[in-house]
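S.K.:
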Amino acid sequence: MTLHRTTDIAILGAGVVGLAIAERLVAEGRTVTLVDPAAPGSGASFGNAGTIADYAVMPVGSPEVLRNLPSLLFDRNSPLSIKAGALPGLVPWLARFAAASLPQATARNARALASLVVGAGPLWGDLMARVGGAGLLQDKGCLYLYDTPGAWRGAQAAMTARRALGVTVDLLSADELAALEPGLPPYLGAAFFPGARFLTDPGAAMTRLAAHLGTRAEVLTARATRLTRQVDGVIIEGPGLRLHARRVVIAAGAHSRALAAQAGDRVPLDTERGYHAEWDMAAPRLQRPVCPLSRGAYLCPMTGRLRVAGTVELGGLTAAPSPHRIARLVEGARLVFPDLGPPDRTWMGLRPSMPDSLPVIGPSQAGAEVMHAYGHGHIGVTLAPVTARIIADLLAGRVPEIDIAPFRPGRFGRG
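FYI, the numbering for the sequence shown is 0 to 414, going by numbering that gives the first Met the number 0.
Right, dumping it as structure tokens:
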């Protein structure tokens, strides 16, 4: 049986970005319908590291990464890898990634990211207060850990670059780190980002967001596969679905590329597969998320458990999870806490990854009745309320406070 509906604004995707946009629009009195084949807030919105990373101003691509790209991609133990069989389809994406990793492009992309993330913490505080989830948001900062003299020396210049982009960061000695996180083994030093916040249970935060929307936003469990522009809006179709919307927001995360093409925009979106492993424990071993940079993963104290999350695996939407990537996460966690046994659960999710590390936010090239809001990579949780504010401004005809030119779909050329 086909669902026939009419709405003011349809949001395609009910992950953290779609939910945050819906919350903002409903608060402004808009009629909103969310469309997603999965439960609201599941997927990558559930399984992430939970960090509100106001320090995440550096794109994945950089001159250093470009120099080491072959060894990174084809070393099974690298924190950045390609799923076997995915390489042929990734060649165009990798070419754009290489171009975005050149010095001028890296600096430009870092400035654009900084314009988005630096104010994310207060927006998350406001959002959680509005939805009754303030207790899920901790304001204790985040740590990068350094375990070799070379890495510690490199941290000095790296953090100077972040400070120039508006990030607040303190470099801690080994003794200062031990006083802040006594449960950690010795490290040479750490970078402490005091403005960072974290969600002690990302899944519970998504539940709070969805519950707050309640009946004020309609949720359709369906997959949108086709967009057709009409004089008075857009027809959205899929199996068992036909929805007429005056405006449409594409916020389907890793599944957004085909919808963008339906809207007339070709965007080089691909999929990063992220993983986590969890150990149940009554007492947290950490007070805040920590990232041993040599491992490329976060150890996160969450409600009733320790989660280790991370790695970058380029592998598309359909391939099975890689046991090797899970094993790498577990191995990294045991380097910090050697007594950890087998994890109580593991997970894989799909991140929407752009080659320049910048999300796609703004109107379709074919007309502003379709808006784009996806491609946030590792910082979708961080940028959800930021993106929501931008989209709400655009839909209301207001000029966003942030210059969205770097994030427009048209930056890749005409569809």
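All residues carry an ideal CB built from backbone N, CA and C; glycine is no exception.
Quick check on Asp138: does DSSP put it in helix, strand or coil?
M.R.: Along the sequence shown, one-based indexing puts residue 138 at 139. Note: Asp138 maps to coil in three-state DSSP.
S.K.: Which stretch, first to last residue, makes up the alpha helix (DSSP H) that contains Pro102?
M.R.: Reading the sequence shown from its first residue, position 103 is the one you call residue 102. Pro102 to Val116 is the span of the alpha helix (DSSP H), which, as asked, contains Pro102.
S.K.: Among Leu176, Pro354 and Asp402, which residue has its Cα nearest to the Cα of Val418?
M.R.: No answer is possible for residue 418: the residues shown for the chain start at 0 and end at 414.
S.K.: Alpha carbon to alpha carbon, what distance is there between Arg4 and Asp272?
M.R.: For the purposes of this step, residue 272 is identified with residue 273 of the sequence shown, where counting begins at 1. For the purposes of this step, residue 4 is identified with residue 5 of the sequence shown, where counting begins at 1. Reading off the sequence shown, one finds Arg at residue 272, where the question assumed Asp. Computed Cα separation, rounded: 34 Å.
S.K.: Leaving aside the five residues before and after Ala133 along the sequence, list all residues of the same chain whose C-beta is less than 8 Å from its C-beta, in chain order.
M.R.: Within the sequence shown, residue 133 is the residue found at index 134, counting from 1. Only Gly124 and Met127 meet the Cβ criterion.
S.K.: Less than 8 Å between the beta carbons of Pro39 and Ala154, yes or no?
M.R.: As a working note, residue 39 is residue 40 in the sequence shown. As a working note, residue 154 is residue 155 in the sequence shown. No, they are not a contact pair.
S.K.: To the nearest whole angstrom, what separates the beta carbons of Ile10 and Gly120, a pair I think is in contact under 8 Å?
M.R.: Indexing the sequence shown from 1 puts residue 10 at position 11. Indexing the sequence shown from 1 puts residue 120 at position 121. Ile10 to Gly120, Cβ: 24 Å. No contact.
S.K.: Whole angstroms are fine: how far does the CA of Ala259 sit from the CA of Arg265?
M.R.: To locate residue 265, count along the sequence shown from 1; it is residue 266. To locate residue 259, count along the sequence shown from 1; it is residue 260. Taking the straight line joining both Cα atoms gives about 7 Å.
S.K.: Helix, strand or coil for Asp231 per DSSP?
M.R.: Here the question's residue 231 lines up with position 232 in the sequence shown. Three-state DSSP puts Asp231 in coil, outside helix and strand.
S.K.: Within the chosen definition, does the region 381 to 397 reach the region 281 to 299 through at least 3 CB pairs nearer than 8 Å?
M.R.: no
S.K.: Could you give the DSSP three-state label for Phe192: helix, strand or coil?
M.R.: Translated into positions along the sequence shown, residue 192 becomes position 193. Reduced to three states, the DSSP call for Phe192 is strand.
S.K.: Ser114 and Asp402: beta carbons closer than 8 Å?
M.R.: Locating residue 114 in the sequence shown gives position 115, where the first residue counts as 1. Locating residue 402 in the sequence shown gives position 403, where the first residue counts as 1. Yes.
S.K.: Beta carbon of Pro337, beta carbon of Trp278: below 8 Å?
M.R.: Mapped onto the sequence shown, residue 337 falls at position 338. Mapped onto the sequence shown, residue 278 falls at position 279. Not closer than 8 Å, so no.
S.K.: Going by Cα to Cα distance, which pick from Met205, Val289 and Arg256 is closest to Ala177?
M.R.: Your numbering for residue 177 matches position 178 in the sequence shown. The option with the nearest alpha carbon to Ala177 is Val289.
S.K.: If we ignore side chains and look at the alpha-carbon of each, how far apart do Ala150 and Trp346 end up?
M.R.: Stepping through the sequence shown from its first residue, residue 150 is reached at position 151. Stepping through the sequence shown from its first residue, residue 346 is reached at position 347. Roughly 30 Å between the two C-alpha positions.
S.K.: Considering only their Cβ atoms, is the gap separating Val16 from Ile212 smaller than 8 Å?
M.R.: Position 213 of the sequence shown holds residue 212. Position 17 of the sequence shown holds residue 16. It is Leu, not Ile, that sits at residue 212 in the sequence shown. Contact: no.
S.K.: Quick check: Pro358 and Leu382, are their CB atoms within less than 8 Å of each other?
M.R.: Position 359 of the sequence shown, counting from 1, holds the residue named residue 358. Position 383 of the sequence shown, counting from 1, holds the residue named residue 382. Yes, these two residues count as a Cβ contact at 8 Å.
S.K.: With a 10 Å radius around its C-beta and 16 neighbouring C-beta atoms as the bar for buried, classify Arg350 as buried or exposed.
M.R.: For the purposes of this step, residue 350 is taken as residue 351 along the sequence shown, with counting starting at 1. It is buried - the Cβ of Arg350 has at least 16 other Cβ atoms within 10 Å.
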